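J.: Residue numbers (the working numbering): -9 to 220.
Positions of the beta carbon are idealized from the N, C-alpha and C atoms, including for glycine.
Keep in mind the model is a prediction, meaning the values are calculated, not measured.
(1) Select from 82, 0, -1, 22 the residue whose C-alpha is nearest the C-alpha of residue 141.
(2) Indicate the three-state DSSP secondary structure (helix, strand or coil) for residue 177 in the structure shown.
(3) Can you tell me which residues form a DSSP beta bridge with residue 5?
(4) Tell me, which residues are paired with residue 172 by DSSP?
(5) Mind checking which residues open and close the alpha helix (DSSP H) that includes residue 160?
(6) Determine the direct distance from the alpha carbon of residue 85 to that of residue 5, and round the result to whole angstroms.
(7) Which residue marks the beginning of the alpha helix (DSSP H) containing residue 96, and which one marks its end?
(8) Flag this pair as yes or no: are the beta carbons of residue 24 and residue 109 separated by less than 7 Å?
(9) Using the C-alpha atoms, what's the distance from residue 119 back to residue 64?
(10) Could you pull the DSSP bridge partners for residue 63 from this structure?
(11) Which one of 53, 70, 113 has the shortest CA to CA distance from residue 97?
(12) Would you kindly work out how many angstroms separate the C-alpha atoms of residue -9 and residue 39, rounded to a whole number?
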């Protein structure tokens, strides 16, 4: 809110919602949907207030178009290799890749199959498997525009999942008991971790950097809670 528009990041014109805002136990469908609606309304207002602003691309349009339509080219190049259109050693369908991503996050990053438990060793396995998944995602196919949409949803999901995993890995405590537990750090550390965790992704090196941000109360809690009368 400090920069004027609801859900806008520190990058002007870049809005976010759901898990993009930060890890929270309430970022399931209804919460993300609500944040998405609020963000979209703020985006429209920002566009109306900045009609003359023209963002500049740092990548040639032709290169971006080639990257966007690569899943289509992958499909057209290899579709005749096998008789079963969904079983092909040269590509992976968006649905198959999504199931793999879901399995990694569920089994190693505090999903339901482990009763929301994880630890440093499990997170290291998740990190390795996400790296392999990113390699395989280069072979995503798109047989139509709907699958092209799903392919790019998966690219974005992988980055979001990796960020989520990195933040849990960096925060050496269990800040949200009931939503996830780090069995190797199964406590709330108010002295060292009463703070936010932010991160930066370098698209050139493809590396994450996590760091702490001070937690500041918007409301003085001493004014909210009064000592019980004796």
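T.: Reading it off the structure:
(1) Within the chain shown, numbered from 1, the residue matching residue 141 stands at position 151. For the residues 82, 0, -1, 22, the minimum Cα distance to residue 141 belongs to 82.
(2) In the chain shown, the residue the question calls residue 177 occupies position 187. Residue state, collapsed to three classes: coil.
(3) The sequence position of residue 5 within the chain shown is 15, counting from 1. Its beta-bridge partners are -2.
(4) To locate residue 172, count along the chain shown from 1; it is residue 182. Per DSSP, 108.
(5) Here residue 160 is taken as the residue at index 170 of the chain shown, counted from 1. 135 to 160 is the span of the alpha helix (DSSP H), which, as asked, contains residue 160.
(6) To locate residue 5, count along the chain shown from 1; it is residue 15. To locate residue 85, count along the chain shown from 1; it is residue 95. Residue 5 and residue 85 have their C-alpha atoms roughly 27 Å apart.
(7) Within the chain shown, the letter at position 106 stands for residue 96. Residue 96 -> alpha helix (DSSP H) spans 84 to 98.
(8) Mapped onto the chain shown, residue 24 falls at position 34. Mapped onto the chain shown, residue 109 falls at position 119. No, they are not a contact pair.
(9) Along the chain shown, read from residue 1 onward, the residue named residue 64 stands at position 74. Along the chain shown, read from residue 1 onward, the residue named residue 119 stands at position 129. Each residue's alpha carbon lies about 23 Å from the other.
(10) The count along the chain shown starts at 1 and reaches residue 63 at position 73. In the DSSP output, where bridge partners are listed per residue, residue 63 has none listed.
(11) Your numbering for residue 97 matches position 107 in the chain shown. Among 53, 70, 113, the Cα nearest to that of residue 97 is on 113.
(12) Locating residue -9 in the chain shown gives position 1, where the first residue counts as 1. Locating residue 39 in the chain shown gives position 49, where the first residue counts as 1. Bear in mind that the predicted position of residue -9 carries a pLDDT of just 47, short of 50, making it unreliable; the figure below should be weighed with that in mind. Cα to Cα, residue -9 sits roughly 16 Å from residue 39.
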